[in-house]
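Protein chains in written order, with my numbering: chain A, 6 to 107; chain B, 945 to 1123. Written below as structure tokens is the structure these notes are about.
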Amino acid sequence: MIPLSWYLALSAALFCIGLYGVLARRNAIAILMGIELMLNAVNINLVAFWRYVTPELIAGQAFAVIVFAVAASEAAVGLALIISIYRRRHTVAAEDINLMKW
Amino acid sequence: MNPLQLVFLATGGLTLVAALMVVLSPNLIHAALWLILTLAGVAVLFVLLEAGFLAVVQVAVYIDAIAILIIVAVMLTQRAMRPQPQQANRAWPWAALGALLLFLGLAFLLVQVPGVSAGPAPLTASAEATLEELGKSLVDVNRYVIPFEVASVLLLAALIGAIVVAIPPIRGREGGGEG
Chain A
6 MIPLSWYLAL SAALFCIGLY GVLARRNAIA ILMGIELMLN AVNINLVAFW RYVTPELIAG
66 QAFAVIVFAV AASEAAVGLA LIISIYRRRH TVAAEDINLM KW
Chain B
945 MNPLQLVFLA TGGLTLVAAL MVVLSPNLIH AALWLILTLA GVAVLFVLLE AGFLAVVQVA
1005 VYIDAIAILI IVAVMLTQRA MRPQPQQANR AWPWAALGAL LLFLGLAFLL VQVPGVSAGP
1065 APLTASAEAT LEELGKSLVD VNRYVIPFEV ASVLLLAALI GAIVVAIPPI RGREGGGEG
């Protein structure tokens, strides 16, 4: 038997690793990878709570499916933006993309 | 320590190590490959949680689509980062401190929640019945049809937006603004 706390601890650790990646990486694609890690941590939490607390309701799985859809759209739009920026400015470093910085 | 716990510990350890390599690896292609390993570990966790459909979706959407998309994007843009091998920005100690503090805060909250050391509740429905229930609940007017429709509109908008954004700039106007 695996206690619920193991899943929650793992998902918290995964979320924090993803947060570090988002905050510390210079490359915009690496930042997107950190966001994917964080979304995965959220999904583990949703499914673990579904399984341990309310297995008779389906809400946890339904919202995990919706998180999948959001993650797919985010990756598609984010990578399209990065490739477009790379074409115009020849860089993918987040601190060089400062056209709108005031 | 029963076999399930051993599987969980092995998978969880592998997932966390792979996730650390994703954020620390100096080579972005290696980071993307470690990301695939992390996503596969999460799929195994879904199987352990008896959510087989989500494990399949994890493989089909994350490993198959998103990871490949990321690898292609890395390959299209990698030349830009080659002169500067340093991948972390100047504020990385603060980022590490913030992430560590967040983890300690979450762990502190975790030990205070009642019932987190309990085992799973028994599953009342079979796997097929659960999957059928999931499909019905997503199109049921009284349940999750609104989030489902919002997600589909979001996917359509993302599809069109990605195409519009990634269209190459029109020749002769390069540097002059939007294509």
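Even glycine gets a Cβ: it sits at the ideal position worked out from N, Cα and C.
Nearest neighbour of residue i, chosen from the options [CA to CA]
i: B:Ala-1032; options: A:Ile-7, A:Phe-20, A:Ser-16 and A:Ile-34; result: A:Ile-34
i: B:Ala-1043; options: A:Gly-65, A:Asn-32, A:Arg-31 and A:Met-43; result: A:Met-43
i: B:Ile-973; options: B:Val-1108, B:Leu-1100, B:Ile-1090 and B:Leu-1020; result: B:Leu-1020
i: A:Ala-17; options: A:Ile-63, A:Asn-45 and A:Ile-36; result: A:Asn-45
i: A:Phe-73; options: A:Leu-9, A:Ile-40 and A:Ile-36; result: A:Ile-40
i: A:Ala-98; options: B:Val-1018, B:Asp-1084 and B:Ala-976; result: B:Val-1018
i: B:Ala-1035; options: A:Ile-90, A:Glu-79, A:Ser-78 and A:Gly-26; result: A:Gly-26
i: A:Leu-24; options: B:Ala-1011, B:Gln-949 and B:Ala-1039; result: B:Ala-1039
i: B:Ser-1070; options: B:Ala-1106, B:Ile-1114 and B:Phe-997; result: B:Phe-997
i: B:Leu-1048; options: A:Ile-87, A:Glu-100, A:Ala-69 and A:Ala-14; result: A:Ala-14
i: A:Ala-69; options: B:Leu-1046, B:Ile-1010, B:Ala-999 and B:Asp-1008; result: B:Ala-999
i: B:Gln-1002; options: B:Ile-1012, B:Val-1016, B:Leu-1013 and B:Leu-983; result: B:Leu-983
Chain A residues whose Cβ lies nearer than 7 Å to that of residue i
i: B:Phe-1047; result: Ala-17, Ala-18 and Cys-21
i: B:Pro-947; result: The premise fails here: B:Pro-947 is roughly 11 Å from chain A at the closest Cβ pair, so nothing lies under 7 Å.
i: B:Ser-1067; result: Looking at the sequence itself, residue 1067 of chain B is Leu, so the reference to Ser does not match. Pro-60, listed in chain order.
i: B:Pro-1058; result: Within chain A, no residue comes near B:Pro-1058; the closest Cβ sits about 11 Å away, beyond 7 Å.
Residue i: contacting residues in chain B (beta-carbon distance under 9 Å)
i: A:Val-47; result: Per Cβ cutoff of 9 Å: no residues; A:Val-47 is ~11 Å from chain B at best.
Environment of residue i [buried if 16+ CB atoms lie within 10 Å]
i: A:Met-6; result: exposed
i: A:Pro-60; result: buried
i: A:Ala-76; result: buried
i: A:Asn-48; result: buried
i: B:Ala-962; result: buried
i: B:Gly-1188; result: There is no way to answer for residue 1188 of chain B, as the model of chain B reaches only from 945 to 1123.
i: A:Gly-65; result: buried
i: B:Ala-1065; result: exposed
Proximal chain B residues relative to residue i, where beta-carbon distance stays under 8 Å
i: A:Leu-104; result: Result: empty, since nearest Cβ-Cβ is about 11 Å, beyond 8 Å.
Cα-Cα separation between residue i and residue j, rounded to whole angstroms
i: B:Phe-990; j: B:Gln-1056; result: 25 Å
i: B:Ala-1102; j: A:Ile-22; result: 27 Å
i: B:Gly-1121; j: B:Ile-1111; result: At B:Gly-1121, the pLDDT of 48 sits below 50, so the modelled position is not reliable; the number obtained from the coordinates is stated separately. Those two C-alpha atoms are separated by around 13 Å.
i: A:Gly-83; j: A:Met-105; result: 17 Å
i: A:Met-38; j: B:Val-967; result: 8 Å
i: B:Gly-1123; j: B:Leu-1100; result: With a pLDDT of 42 at B:Gly-1123, under the threshold of 50, the modelled position of this residue cannot be trusted; read the value that follows with caution. C-alpha separation (whole angstroms): 21 Å.
i: B:Val-1139; j: A:Thr-96; result: Residue coverage of chain B in this structure runs from 945 to 1123, which leaves residue 1139 of chain B outside it and unanswerable.
i: B:Leu-981; j: A:Arg-93; result: 33 Å
i: A:Ser-89; j: A:Ala-53; result: 38 Å
i: A:Val-1; j: B:Leu-992; result: Outside the displayed range of chain A (6 to 107) lies residue 1 of chain A, so it cannot be described from this structure.
i: B:Leu-1098; j: A:Glu-79; result: 10 Å
i: B:Val-1089; j: B:Lys-1080; result: 9 Å
8 Å Cβ cutoff, residue i in contact with chain B
i: A:Ile-40; result: no
i: A:Tyr-91; result: yes
i: A:Met-6; result: yes
i: A:Ile-88; result: yes
Chain A contact residues for residue i, given Cβ-Cβ distances below 9 Å
i: B:Asn-1033; result: Leu-28, Ala-29, Arg-30, Arg-31, Ala-98, Ala-99 and Glu-100
Beta carbon proximity, residue i to chain A, threshold 8 Å
i: B:Glu-1093; result: no
i: B:Glu-1072; result: no
i: B:Leu-993; result: yes
i: B:Gly-996; result: no
i: B:Ala-1017; result: yes
i: B:Pro-970; result: no
Contacts of residue i in chain A (Cβ-Cβ under 8 Å)
i: B:Leu-1099; result: Ala-74, Ala-77 and Ser-78
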